[in-house]
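> Please find one structure pasted underneath; my questions will follow.
Numbering (UniProt numbering), first residue to last: 1 to 137.
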């Protein structure tokens, strides 16, 4: 069980979240893509579209057995998350691994991913709509 904390986000909004104990959770050292390589991969592209996944972490469901590990207590009862909350250990590497698995066929070709940021790139502008459709459909 955990207590509540109020965090100030980069966009100026506040987020109320529970602080889960992570002392006993091993750190996931999954490597993120290097930003300079992502930037270099756009060389020669005529069209780029940058997207950010809205609350991407919260779209990943937790395994039922893991939900009790992110429980919290309030004055109205005891609760647990069913989707991955933002401020738990290893959320970044877990999300990056999942996104890379989903977009594996397109990464390096017409897509680059960096945590919750996605870049769709096209060598020719006329191909960009088709490249976007490949990602979304």
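Each residue gets a CB set at the ideal place from its N, CA and C atoms; glycine is no exception.
Take residue 179 as the anchor and find which of 132, 25 and 136 has the nearest alpha-carbon.
The requested residue 179 is not part of the displayed model; the chain covers only 1 to 137.
> Exposed or buried, what is residue 35 when buried is set at 16 or more other beta-carbons lying within 10 Å of its beta-carbon?
Classification of residue 35: exposed, given that the 10 Å Cβ count is below 16.
> Quick check on residue 37: buried or exposed, where buried means 16 or more other Cβ atoms within 10 Å of its Cβ?
Burial call: exposed.
> Would you report the Cα separation of residue 29 and residue 118, rounded to the nearest angstrom?
Distance between the alpha carbons of residue 29 and residue 118 is about 21 Å.
> Around the Cβ of residue 96, are there at least 16 other Cβ atoms within 10 angstroms (buried) or fewer (exposed)?
Counting Cβ neighbours within 10 Å, residue 96 comes out buried, since at least 16 surround it.
> Under a three-way DSSP split, which group does residue 111 fall into?
Residue state, collapsed to three classes: strand.
> Using 10 angstroms around the beta-carbon of residue 102, count the other beta-carbons present and answer buried if the total reaches 16, otherwise exposed.
Classification of residue 102: exposed, given that the 10 Å Cβ count is below 16.
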